[in-house]
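Engineer: End of the sequence shown = 310 in our numbering, gap-free, step of one.
Where a beta carbon is used, it is the ideal one built from N, C-alpha and C, also for glycine.
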Amino acid sequence: MRTYLIRRLWQGAVAVLGALAIVFVAQRLAGDPVALLLPMDASEEDFAAMREALGLDRPLPVQFLVFLRDAFTGDFGESYQWQAPAMPLLLERLPATLELALAGLAFALLLAVPLGVMSAVYRGRWVDRLAKVLALLGQAMPGFWVGLLLILFLAVRLQWLPAFGREGPLHLVLPAIALGWYPVAAMTRTLRSSMLDILDSDYIRTGRVMGLPERTVIWRYALRNAAVPLATMIGVYFANMLGGAFVIEVVFAWPGVGRAVVDAVFARDFPVVQAGVLLSAIIFVVVNLLVDLSYGLIDPRIRHG
Numbered sequence: 006m007r008t009y010l011i012r013r014l015w016q017g018a019v020a021v022l023g024a025l026a027i028v029f030v031a032q033r034l035a036g037d038p039v040a041l042l043l044p045m046d047a048s049e050e051d052f053a054a055m056r057e058a059l060g061l062d063r064p065l066p067v068q069f070l071v072f073l074r075d076a077f078t079g080d081f082g083e084s085y086q087w088q089a090p091a092m093p094l095l096l097e098r099l100p101a102t103l104e105l106a107l108a109g110l111a112f113a114l115l116l117a118v119p120l121g122v123m124s125a126v127y128r129g130r131w132v133d134r135l136a137k138v139l140a141l142l143g144q145a146m147p148g149f150w151v152g153l154l155l156i157l158f159l160a161v162r163l164q165w166l167p168a169f170g171r172e173g174p175l176h177l178v179l180p181a182i183a184l185g186w187y188p189v190a191a192m193t194r195t196l197r198s199s200m201l202d203i204l205d206s207d208y209i210r211t212g213r214v215m216g217l218p219e220r221t222v223i224w225r226y227a228l229r230n231a232a233v234p235l236a237t238m239i240g241v242y243f244a245n246m247l248g249g250a251f252v253i254e255v256v257f258a259w260p261g262v263g264r265a266v267v268d269a270v271f272a273r274d275f276p277v278v279q280a281g282v283l284l285s286a287i288i289f290v291v292v293n294l295l296v297d298l299s300y301g302l303i304d305p306r307i308r309h310g
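(1) Flag this pair as yes or no: are the beta carbons of tyrosine 226 and tyrosine 208 separated by less than 9 angstroms?
(2) Rounded to whole angstroms, what is the Cα-Cα separation between leucine 142 and valine 296?
(3) Can you grab the Cα-Cα spacing for the pair arginine 213 / isoleucine 203, in whole Å?
(4) Who are the near neighbours of threonine 195 in its chain, counting only those whose CB is closer than 7 angstroms to its CB and skipping five residues on each side?
(5) In angstroms with no decimal places, state the Cα-to-Cα distance between proline 100 and arginine 162.
(6) Candidates Ala91, Ala160 and Met146: which alpha carbon is nearest tyrosine 187's?
(7) How would you write the range of the alpha helix (DSSP H) that arginine 98 sits in, first residue to last?
(8) Quick one: using the 10 Å Cβ neighbour count with 16 as the cut-off for buried, is alanine 117 buried or exposed?
(9) Within the chosen definition, does the segment 85-99 reach the segment 275-285 through at least 3 CB pairs nearer than 8 angstroms?
(10) At what residue ranges does the segment 232-285 contain a whole run of the alpha helix (DSSP H), taking only runs of 4 or more?
(11) I'd like the list of long-range same chain contacts for glycine 79, defined as Cβ closer than 6 angstroms, with 5 residues on each side in sequence excluded.
(12) Tell me the rounded alpha-carbon separation between alanine 106 and arginine 220.
(13) What residue range does the alpha helix (DSSP H) around tyrosine 226 cover?
(14) Please report the Cβ distance between leucine 177 and leucine 159, rounded to the nearest whole angstrom; I am assuming they are in contact, meaning their Cβ atoms lie under 8 angstroms.
(15) Cα separation between phenylalanine 149 and alanine 258?
(16) Report the residue from Phe69, Leu103, Arg12 and Ala113 whose alpha carbon sits nearest the alpha carbon of valine 28.
(17) Mind checking which residues open and close the alpha helix (DSSP H) that includes phenylalanine 72?
(18) Is the beta carbon of aspartate 263 sitting closer than 9 angstroms to the one on threonine 8?
(19) Find out if the Cβ-Cβ distance for the pair valine 256, isoleucine 182 is shorter than 9 angstroms.
(20) Would alanine 108 and leucine 283 qualify as a contact pair, given that the criterion is a beta-carbon distance under 9 angstroms?
(21) Considering only the alpha carbon of each residue, which of Ala54, Thr211 and Ala269 lies closest to glutamate 83?
(22) In this structure, how does DSSP classify glutamate 172 when only helix, strand and coil are distinguished?
(23) Beta-carbon within less than 7 angstroms of arginine 98's beta-carbon, same chain only, minus the 5 sequence neighbours each way: which residues are those?
(24) Which residue's Cα is closest to the Cα of glutamate 172: Glu104, Val122 and Asp205?
(25) Roughly how many angstroms separate the alpha carbons of valine 290 and alanine 76, rounded to a whole number?
(26) Quick one: what's got a C-beta closer than 7 angstroms to leucine 120's C-beta in the same chain, skipping five residues either side?
(27) Among Ala58, Arg128, Ser124 and Leu175, which has the Cα closest to the Cα of tyrosine 85?
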């Protein structure tokens, strides 16, 4: 177990370092942020002074080493746009992103688990066909398009729910549905396939022969063993929701980390983008590590060597 944990931590550190290197290079190719910070009539001396103040006049290898040093300490400097420390600025918005990701994941599970189980139990019937249709729609419609449709019909035409902002529980409903809509399709299909394999196993048939209630056989024994691949998807999609919810946050004006990073990208605000990438990479690595370690709790037969 210890060897496995050390190996996974090392792999996570390499992944985080690779993400930081990619964003460092990509941002330097995006253009000069000084051009956005200074007025159009600024002199060459003003540009040179600003680049020196931001450390952009140094050679790229030196900038990268300074960047790595700051990344390890969590100090990315001040945001060019908001004039505030970059990492604390994002950490203030992290609860909003966590709230949205958890709500989106809850919506996906509340819809996918019953559909996946019932479509496997009643294969070939109307429940199974309904699950297949929803899975097809889920993968054919991207989250931002679902969000726009929800705003158009539920917020604008019917005026049932608010469309923008984060002022109460009702403001969370539409972005959570838009964010969780795509994972529903993959989770339903994965759980259905896993349940079909489990339902044909010997111990399920033995439980039925022994007279166990069908509800106990399905929801206690079959679902628990079929949940291992689902747990992997939960971890992956939850990490993606935390790090990749920026589109939904922009569509619904949700004040989370993703929206701040998107604004920073357009403003060439290097400190905020770099801090956002580091935060997202760490969250992704930690969530996937926790998912891997949870396999033993879901299925005691699984052991990490």
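Structural biologist: Reading it off the structure:
(1) Result yes, Cβ atoms of tyrosine 226 and tyrosine 208 sit closer than 9 angstroms.
(2) Rounded to whole angstroms, the separation of the alpha carbons of valine 296 and leucine 142 is 28 angstroms.
(3) Going from the Cα of arginine 213 to the Cα of isoleucine 203 covers about 13 angstroms.
(4) Closer than 7 angstroms at the Cβ level, and outside the excluded window around threonine 195, lie Pro234, Leu235 and Met238.
(5) Going from the Cα of proline 100 to the Cα of arginine 162 covers about 31 angstroms.
(6) The candidate whose alpha carbon is nearest that of tyrosine 187 is Met146.
(7) Counting along the chain, the alpha helix (DSSP H) containing arginine 98 begins and ends at 91-126.
(8) Per the 10 Å Cβ criterion, buried.
(9) The segment 85-99 is in contact with the segment 275-285.
(10) Note on the segment 232-285: whole alpha helix (DSSP H) runs with a minimum of 4 residues are 251-256 and 262-271, in chain order.
(11) Answer for glycine 79: Met92, listed in chain order.
(12) Straight across, the Cα-Cα distance linking alanine 106 with arginine 220 is about 31 angstroms.
(13) Careful: tyrosine 226 lies outside any alpha helix (DSSP H) and carries neither H nor E.
(14) Actually they do not touch by this definition, with Cβ atoms about 13 angstroms apart.
(15) Between phenylalanine 149 and alanine 258, the C-alpha separation is close to 12 angstroms.
(16) Looking only at Phe69, Leu103, Arg12 and Ala113, the smallest Cα-Cα distance to valine 28 is reached by Phe69.
(17) Here the alpha helix (DSSP H) through phenylalanine 72 covers 65-78.
(18) The question names aspartate, yet the displayed sequence has glycine at residue 263. No, they are not a contact pair.
(19) Not closer than 9 angstroms, so no.
(20) Not in contact: alanine 108 and leucine 283 (Cβ atoms no closer than 9 angstroms).
(21) Minimum Cα distance to glutamate 83 is reached at Ala269.
(22) Here DSSP, grouped into helix, strand and coil, assigns glutamate 172 to coil.
(23) Within the same chain, and ignoring the five residues on either side of arginine 98 in sequence, the residues whose Cβ sits closer than 7 angstroms to its Cβ are Pro260, Gly261, Val262 and Ala265.
(24) The shortest C-alpha separation from glutamate 172 is found at Glu104.
(25) Each residue's alpha carbon lies about 16 angstroms from the other.
(26) Cβ contact annotation for leucine 120 (same chain, cutoff 7 angstroms, sequence separation greater than five): Ala136, Leu139 and Thr193, in chain order.
(27) Comparing Cα-Cα distances from tyrosine 85 to each of Ala58, Arg128, Ser124 and Leu175, the minimum goes to Ala58.
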